[in-house]
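**Student:** Those sequence lines, one after another, are chains S and W. Each residue of the first sequence is one higher than the one before, counting from 2 in this note's numbering. Each residue of the second sequence is one higher than the one before, counting from 2 in this note's numbering. This is the structure, below, for whatever I ask next.
Protein chains: 2
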Amino acid sequence: MSTYHHGGLRAALLQAAGDLLEKQGLAALSLREAARRAGVSHNAPYRHFPDRDALLASLASEGYRQLGEALKGRAGREMGEAYVRFALGHPNRFRLMFGGVLAMAAHPELREAAGATYETLVVAFRAQRDIADPALAAAAAWSLVHGLAQLLLDGHFPEARARDDFVRQVIGAVRFAAAPRPA
Amino acid sequence: MSTYHHGGLRAALLQAAGDLLEKQGLAALSLREAARRAGVSHNAPYRHFPDRDALLASLASEGYRQLGEALKGRAGREMGEAYVRFALGHPNRFRLMFGGVLAMAAHPELREAAGATYETLVVAFRAQRDIADPALAAAAAWSLVHGLAQLLLDGHFPEARARDDFVRQVIGAVRFAAAPRPA
DNA sequence: GATGGCAAGTTGACAATGACAACATCAGCA
DNA sequence: TGCTGATGTTGTCATTGTCAACTTGCCATC
């Protein structure tokens, strides 16, 4: 069987690149190494991705979908905790998604995946009737958990020995402005 | 005047690298380009920084100090807004500081600069007596503004046409748990 | 069943980069 | 005067992203 044509190279590359990213970090992720691991020549990836950034964008999009899955079905605090858990569980993927390496504008695929995930958040908040402005609350909630995740990842909360508790407490320390007057 | 010895190479490199970073982004920042701009050979930087990461760490430390300056003297909402303003005003520097490119642990200089800035935040909150747990509130506040900044930077809030107002509103949508009982 | 075209892979090349080693310059001090 | 160490320099290497040109082999069409 001639293996000249790989068959599922695109998927194999994403797999290899994902492995590299998660286990060794973004810096270790080169197109050539991914190609090596997929058992093809150093230029084969260009048949499936216009350039390195395109590969990264695909990995990030995967990440948004995974994150969306992790949030689905949860609400409130629980959703926030799931968000942070995802970030801590996939630090390098998370950083790729939000590290500003990729310009959202240049990768429509990214924008769509990210937008869909955000939508999950907004919907969850829209359900709670006693909140003044659900959209604003959703933005604030996302900001809170996102910032918390990022700062934990970067090691900015050394006092957080027991991460799960810390996360719960921080999220618990916040209230959202109630609807001014139930008119 | 023989210019064999530059005199202030370290500072000149930081200057050049800072320019590159802020104007063209992290990807465009190479040791060699910085050396070129400082008018020295491609290897001169190694006399002042062990490797590229060390240069980046210095740039990030500068950033923490600048951020500290921007926060100093402000409190509450105002401090939060200043935080976001700093991030939006120096996007690439901010991303370098928090993008996870640098491992805090590997650069003590970084840890110290970041810690000092965080201290400013905690102190500001400790002053407010009606808050249950100031340390927790500080962590939550930092998370909130940090996440907000990051998400804005990445373009995740396309609805935020009027950024300043949006920031004010999001920050305003949050309350911190009050002290349970003024014992 | 031959054939021609096109997607998918391959080899080869190039410039840029981070890093190492060996050499050059020069200020200050014994 | 002459040494020495910090600061710069030149030379070199492996790695990487990307472009160009060539190869393979499946599929449709005659």
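All residues carry an ideal CB built from backbone N, CA and C; glycine is no exception.
Give a yes or no on whether the C-beta atoms belonging to S/Gly101 and W/Asp155 are separated by under 8 Å.
**Tutor:** Cβ atoms of S/Gly101 and W/Asp155: closer than 8 Å.
**Student:** Taking the straight line between their C-alpha atoms, what separation do you get for S/Leu21 and S/Leu30?
**Tutor:** Their backbone Cα atoms lie some 6 Å apart in a straight line.
**Student:** So that I know if they touch, is there some Cβ in chain W lying closer than 8 Å to that of S/Gly81?
**Tutor:** Not closer than 8 Å to any Cβ of chain W, the Cβ of S/Gly81 fails to qualify, so no.
**Student:** Taking Cβ-Cβ distances below 9 Å as the criterion, which residues of the segment 64-89 of chain W are in contact with chain S?
**Tutor:** Taking 9 Å as the Cβ-Cβ cut-off against chain S, none of the residues of the segment 64-89 of chain W qualify.
**Student:** Cβ of W/Ala104 within 8 Å of Cβ of W/Tyr65?
**Tutor:** Result no, Cβ atoms of W/Ala104 and W/Tyr65 do not sit closer than 8 Å.
**Student:** Determine, for S/Val123, whether the minimum Cβ-Cβ distance to residues of chain W falls below 8 Å.
**Tutor:** Judged by the 8 Å Cβ criterion, S/Val123 is not in contact with chain W.
**Student:** Which bits of chain W does S/Ser59 rub up against, with CB to CB less than 8 Å?
**Tutor:** Correct list: empty, because the minimum Cβ distance to chain W is about 17 Å.
**Student:** Going by CA-CA distance only, name the one from W/Arg78, W/Leu149, W/Val171 and W/Val124 that's closest to S/Phe99.
**Tutor:** When each option's Cα is compared against that of S/Phe99, the closest is W/Leu149.
**Student:** Around the Cβ of S/Met2, are there at least 16 other Cβ atoms within 10 angstroms (buried) or fewer (exposed)?
**Tutor:** Note that S/Met2 has pLDDT 46, beneath the 50 cutoff, so the model's placement of it is unreliable and no number is given.
**Student:** Is W/Ala61 near W/Leu97, with beta carbons less than 8 Å apart?
**Tutor:** Yes. Within cutoff.
**Student:** With DSSP as the reference, label S/Arg176 as helix, strand or coil.
**Tutor:** Strand, per DSSP.
**Student:** Is it right to say S/Ala17 is buried, meaning 16 or more other beta carbons lie within 10 angstroms of its own, or is it exposed?
**Tutor:** Buried is the call here.
**Student:** Along the alpha helix (DSSP H) that carries S/Asp52, what are the first and last residues, could you check?
**Tutor:** That residue, S/Asp52, is in no alpha helix (DSSP H); it is neither H nor E in DSSP.
**Student:** State the start and end residues of the unbroken alpha helix (DSSP H) segment that holds W/Leu14.
**Tutor:** Unbroken alpha helix (DSSP H) run through W/Leu14: Leu10 to Gln25.
**Student:** What residues from the segment 3-37 of chain W come within 7 Å of chain S, judged by C-beta to C-beta, listed N to C?
**Tutor:** Those would be none; no residue qualifies.
**Student:** Can you give the Cα-Cα distance for S/Arg169 and S/Glu82, rounded to whole angstroms?
**Tutor:** In a straight line, the C-alpha of S/Arg169 is about 7 Å away from that of S/Glu82.
**Student:** Could one say the Cβ of W/Arg96 lies closer than 8 Å to chain S's Cβ atoms, at least one of them?
**Tutor:** For W/Arg96, the answer is yes, since a Cβ of chain S falls inside 8 Å of its Cβ.
**Student:** Check the Cβ-Cβ distances between S/His108 and every residue of chain W, and say whether any is below 8 Å.
**Tutor:** So, not an interface residue.
**Student:** Output the distance between the C-alpha atoms of S/Ala139 and W/Ala140, rounded to the nearest integer angstrom.
**Tutor:** If I take the Cα positions, the gap works out to 19 Å.
**Student:** Below 8 Å between beta carbons: does that hold for S/Val171 and W/Ser144?
**Tutor:** In contact: S/Val171 and W/Ser144 (Cβ atoms closer than 8 Å).
**Student:** Give me the Cα-Cα distance between W/Ala58 and W/Phe50, rounded to the nearest whole angstrom.
**Tutor:** W/Ala58 and W/Phe50: Cα-Cα distance of roughly 10 Å.
**Student:** Applying a beta-carbon distance threshold of less than 7 Å, which residues of chain S neighbour W/Phe99?
**Tutor:** Going along chain S in sequence order, the residues near W/Phe99 (Cβ under 7 Å) are Gln151 and Asp155.
**Student:** S/Ile132 and S/Ala174: beta carbons closer than 8 Å?
**Tutor:** For S/Ile132 and S/Ala174, no; Cβs fall outside 8 Å.
**Student:** In angstroms with no decimal places, state the Cα-to-Cα distance between W/Lys73 and W/Ala161.
**Tutor:** One C-alpha to the other measures close to 27 Å.
**Student:** Which chain S residues sit within Cβ distance under 7 Å of W/Ser144?
**Tutor:** By Cβ distance, chain S contributes Leu145, Gly148, Leu149, Leu152 and Val171.
**Student:** Of all the options S/Ala163, S/Ala36, S/Leu56 and S/Leu68, which has the alpha carbon lying nearest to the alpha carbon of S/Thr121?
**Tutor:** Considering only alpha carbons, the answer is S/Leu68.
**Student:** Step through the CB atoms of chain S and report whether any lies within less than 8 Å of the CB of W/Asp166.
**Tutor:** No - not a single Cβ of chain S is within 8 Å of the one on W/Asp166.
**Student:** Using a Cβ-Cβ cut-off of 8 Å, state whether S/Asp134 counts as contacting chain W.
**Tutor:** Answer yes: the Cβ-Cβ gap between S/Asp134 and chain W drops below 8 Å somewhere.
**Student:** Measure from the C-beta of W/Val175 to each C-beta in chain S and report whether the shortest distance is under 8 Å.
**Tutor:** Yes, W/Val175 lies at the interface with chain S (some Cβ there is under 8 Å from its Cβ).
**Student:** Who are the neighbours of S/Leu137 on chain W, taking C-beta pairs under 9 Å?
**Tutor:** The contacting residues are Phe167, Gln170, Val171, Gly173 and Ala174.
**Student:** Can you name the start and end residues of the alpha helix (DSSP H) that W/Ala160 belongs to?
**Tutor:** According to the sequence displayed, residue 160 of chain W carries Glu and not Ala. Segment: none, W/Glu160 is in no alpha helix (DSSP H) and carries neither H nor E.
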